[in-house]
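Visitor: Residue numbers (the working numbering), protein chains in the order written: chain E, 2 to 303; chain F, 2 to 303. Have a look at this one before I ask anything.
Protein chains: 2
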Amino acid sequence: MLQPEEVIAILRERDELWETAPGLIGLRGRTRSLMERIACSLADVAHEETGGEWSVPPGISFETLERAQYFASFPQWLTAASHLSSDNDVLEKIATSSSPASAAKSAMERPGAALSPAVCYHTYEALAGQCVTSPTLMTAEGVCWRHEGDRLSPLERGWAFRMREIVCIGSDYYVEDFRQRWMIRAMDVARSFGLEPEMNLAADPFFAPTARGKAALQRMKALKHELIVRFPDGRTMAIASFNNHERFFGESFRISLVGRTTAASACVAFGIERWLLAVLAAHGVDAAWESARPTPTVEYAA
Amino acid sequence: MLQPEEVIAILRERDELWETAPGLIGLRGRTRSLMERIACSLADVAHEETGGEWSVPPGISFETLERAQYFASFPQWLTAASHLSSDNDVLEKIATSSSPASAAKSAMERPGAALSPAVCYHTYEALAGQCVTSPTLMTAEGVCWRHEGDRLSPLERGWAFRMREIVCIGSDYYVEDFRQRWMIRAMDVARSFGLEPEMNLAADPFFAPTARGKAALQRMKALKHELIVRFPDGRTMAIASFNNHERFFGESFRISLVGRTTAASACVAFGIERWLLAVLAAHGVDAAWESARPTPTVEYAA
Chain E
2 MLQPEEVIAI
12 LRERDELWET
22 APGLIGLRGR
32 TRSLMERIAC
42 SLADVAHEET
52 GGEWSVPPGI
62 SFETLERAQY
72 FASFPQWLTA
82 ASHLSSDNDV
92 LEKIATSSSP
102 ASAAKSAMER
112 PGAALSPAVC
122 YHTYEALAGQ
132 CVTSPTLMTA
142 EGVCWRHEGD
152 RLSPLERGWA
162 FRMREIVCIG
172 SDYYVEDFRQ
182 RWMIRAMDVA
192 RSFGLEPEMN
202 LAADPFFAPT
212 ARGKAALQRM
222 KALKHELIVR
232 FPDGRTMAIA
242 SFNNHERFFG
252 ESFRISLVGR
262 TTAASACVAF
272 GIERWLLAVL
282 AAHGVDAAWE
292 SARPTPTVEY
302 AA
Chain F
2 MLQPEEVIAI
12 LRERDELWET
22 APGLIGLRGR
32 TRSLMERIAC
42 SLADVAHEET
52 GGEWSVPPGI
62 SFETLERAQY
72 FASFPQWLTA
82 ASHLSSDNDV
92 LEKIATSSSP
102 ASAAKSAMER
112 PGAALSPAVC
122 YHTYEALAGQ
132 CVTSPTLMTA
142 EGVCWRHEGD
152 RLSPLERGWA
162 FRMREIVCIG
172 SDYYVEDFRQ
182 RWMIRAMDVA
192 RSFGLEPEMN
202 LAADPFFAPT
212 ARGKAALQRM
222 KALKHELIVR
232 FPDGRTMAIA
242 SFNNHERFFG
252 ESFRISLVGR
262 TTAASACVAF
272 GIERWLLAVL
282 AAHGVDAAWE
292 SARPTPTVEY
302 AA
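As structure tokens, then:
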């Protein structure tokens, strides 16, 4: 069992992990292959519950985030895609500058889109105003962006990271059943990778004070759990979360069930790089390749 | 054979394609599955030449783009990732604003990283200052961002799009041989999808006037070709490009060969969404699923 810092030091030494900017890493070699195997295993497990794989856009409209009350909840994380003016004089000044990178940084326009902070917002946006006839499930993997200031740590907390989500939209009872089933299923998947996970009650880091009450309520009603792994020094890292949103998104995006009740929703999210780090820490950077078995599909077949 | 506009209209009608913001699209259903099959086929073909699959970071440092003279060449396309200040007062003003999306748009900090405009820059950055002992090949698929103002068109010209690249670093002769081989190979792959591609001499849309001379030189020396498909109305679309950079990146990033010669480089790039559009236009949105065969691996085996 290794500490995350030890894993990262070895991967850097081997040129299997590098950083182009704070929080933005690339992977090569065996470590990259292992990450793909983990990502594929999680996709396979998701597909046993739903064939609804989506390719979500790499960004999301500000309007959708506003509708999801994102700015009141997590403004600290927001990352957006900005471009330069199309004005030729502005561009030429940058093109001919002796410090063009710095000149460009100072000349960005107001952003045209946000970079997705989570995959599931795309589901609510796509189903907005619709009536869902049966419980609707979708799954997608996407790159998510959350700015975490100086709390960045390779594989554990990136500015951008890969997230596999499974989203369920249905009745209040159906979505909670979905969430509970996945808490068990995810635990089994983690064990199949040789991890020793624990399930904890959790709360989102809602921005204070505007949304502070939400976290207390969330905890009281047990709406969020996290699957965590423990490193040798006792520090923990969440590798998956299980979230019941009640009717929050159903109301915000006017998604209804037959009979016109507002839909409830729940989602399960897996942080791919964190699974990779957990496997590397548990098995070592060499052993990992052999011992991290992809989840045997048969165990979860209907 | 369909026009791109006809394809897009049908996909929208079927909810298989949607747009969250201008130039940022998502895909579901059969169309998404077809795109994955195309992406996997292109990956398989790339892997017959190189096992060096990289996962490149989703952004890239401004410094690397400056080193690659990107700001003089294509400033018009630049897209960057910005975040908000971590100042609590700023965040609280946004969180409590009655128009938080608009407030957030106006409060973005200077960007911390650019969003990758191409995959291959990551290769030069990662190999900067190194001596390459034998021809080095890598391949990666990544999301690339290029802002094209109002020239956006779904699947054909996105603000963000998926690109599969194969990069070759070696001697002047080796990289040109690589490029020529791939021009033939890509043509075969396109034919295996039932497309009728043509190979054209091309030039990059370098920003004028700073880099205008580059395009003329590029064309004169036949350093860039594009594989194009033709729509019923005669309009063409490039689905792959084949680029010999000569020693430009080798010099900029000080990548050398044994014997201390500066390395040359070439890259081959496939626009995944454009391949999808080409297949849908050629076979129709229903027939496509059956008739678009993944590339038979055996044809390209050593």
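Every residue, glycine too, gets a C-beta built ideally from N, C-alpha and C. The structure displayed is predicted, hence computed values, not measured ones.
Of all Cβ atoms in chain F, is any one closer than 7 Å to the Cβ of E:ARG33?
Guide: By this cut-off, E:ARG33 is an interface position.
Visitor: Could you list which residues in chain F have their beta carbon closer than 7 Å to that of E:PHE208, in chain order?
Guide: Within chain F, the residues near E:PHE208 are LEU92, ALA96.
Visitor: Taking the continuous alpha helix (DSSP H) assigned at E:ILE95, which residues delimit it?
Guide: Looking at the DSSP string, the run of the alpha helix (DSSP H) that includes E:ILE95 is 89-96.
Visitor: Mind listing which residues of the segment 97-108 of chain E have their C-beta closer than 7 Å to chain F's C-betas, in chain order?
Guide: So the list reads THR97, PRO101, ALA102, ALA105, LYS106, SER107, given in the order they occur along the chain.
Visitor: Assign E:ASN244 to one of two classes, buried (16 or more other C-beta atoms within 10 Å of its C-beta) or exposed (fewer than that).
Guide: Answer is buried; the Cβ neighbour count reaches 16.
Visitor: Report the option in E:GLU64, E:GLU20, E:ARG15 whose CA atom is closest to the CA atom of E:SER253.
Guide: The residue with the shortest Cα to Cα distance from E:SER253 is E:GLU64.
Visitor: Would you call the CB atoms of F:PHE72 and E:ALA105 closer than 7 Å?
Guide: Against a cut-off of 7 Å, the Cβ pair of E:ALA105 and F:PHE72 comes out as a contact.
Visitor: Are the beta-carbon atoms belonging to F:LEU228 and F:MET200 less than 7 Å from one another?
Guide: Yes. Within cutoff.
Visitor: Using a Cβ-Cβ distance cut-off of 7 Å, determine whether F:VAL190 contacts chain E.
Guide: Cβ-Cβ to chain E under 7 Å: no for F:VAL190.
Visitor: Answer with yes or no whether the minimum CB distance from E:THR124 to chain F is below 7 Å.
Guide: For E:THR124, the answer is no, since every Cβ of chain F falls outside 7 Å of its Cβ.
Visitor: Quick check on E:THR296: does DSSP put it in helix, strand or coil?
Guide: Caution applies to E:THR296, whose pLDDT of 46 falls short of 50 and renders its modelled position unreliable; the model cannot decide the point.
Visitor: Which first and last residues belong to the beta strand (DSSP E) in which F:MET1 is found?
Guide: There is no way to answer for residue 1 of chain F, as the model of chain F reaches only from 2 to 303.
Visitor: Spell out whether any CB of chain E is found under 7 Å from the CB atom of F:SER86.
Guide: Cβ-Cβ to chain E under 7 Å: no for F:SER86.
Visitor: Between F:LEU79 and chain E, is the shortest Cβ-Cβ distance under 7 Å, so that the two count as touching?
Guide: It does; some Cβ of chain E falls within 7 Å.
Visitor: Leaving out five residues on either side along the sequence, give the residues of the same chain with a beta carbon under 6 Å from the beta carbon of F:ALA212.
Guide: Cβ neighbours of F:ALA212 beyond the five flanking positions: ALA73, SER74.
Visitor: Considering only residues of the same chain and omitting the five flanking positions on each side of F:ASP234, which have a CB-CB separation below 8 Å?
Guide: Hits under 8 Å: GLN4.
Visitor: Excluding the five sequence neighbours on either side, which residues of its own chain have a C-beta within less than 8 Å of the C-beta of F:GLU17, listed in chain order?
Guide: The residues are LEU28, ARG29, GLY30, ARG31, THR32, ARG33.
Visitor: Ignoring anything shorter than 4 residues, give me the alpha helix (DSSP H) runs that lie fully in the segment 222-268 of chain F, in order along the chain.
Guide: DSSP runs (the alpha helix (DSSP H)) wholly in the segment 222-268 of chain F: 249-253.
Visitor: With 7 Å set as the bound, which would you pick, yes or no: does the beta-carbon of F:PRO112 sit closer than that to a beta-carbon of chain E?
Guide: Taking Cβ atoms only, chain E reaches closer than 7 Å to F:PRO112, which makes this a yes.
Visitor: What does a CB cutoff of less than 6 Å around F:ALA241 pick up in its chain, not counting 5 residues either side in sequence?
Guide: Here the set comprises ALA187, LEU228, PHE271.
Visitor: Count the other CB atoms, across all protein chains shown, that sit within 10 Å of the CB of E:GLU197; report buried if there are 16 or more and exposed otherwise.
Guide: Classification of E:GLU197: exposed, given that the 10 Å Cβ count is below 16.
Visitor: Taking F:MET184 as the reference, which of F:ALA44, F:HIS226, F:ALA283, F:SER117 has the closest Cα?
Guide: With distances taken between Cα atoms, F:MET184 lies closest to F:HIS226.
Visitor: Would DSSP call E:GLY214 helix, strand or coil?
Guide: Looking at E:GLY214 - three-state DSSP - the assignment turns out to be helix.
Visitor: In angstroms with no decimal places, state the Cα-to-Cα distance between F:HIS123 and F:ARG192.
Guide: Taking the straight line from one Cα to the other gives about 30 Å.
Visitor: Do F:ILE11 and F:VAL286 have their C-beta atoms closer together than 7 Å?
Guide: Contact: yes.
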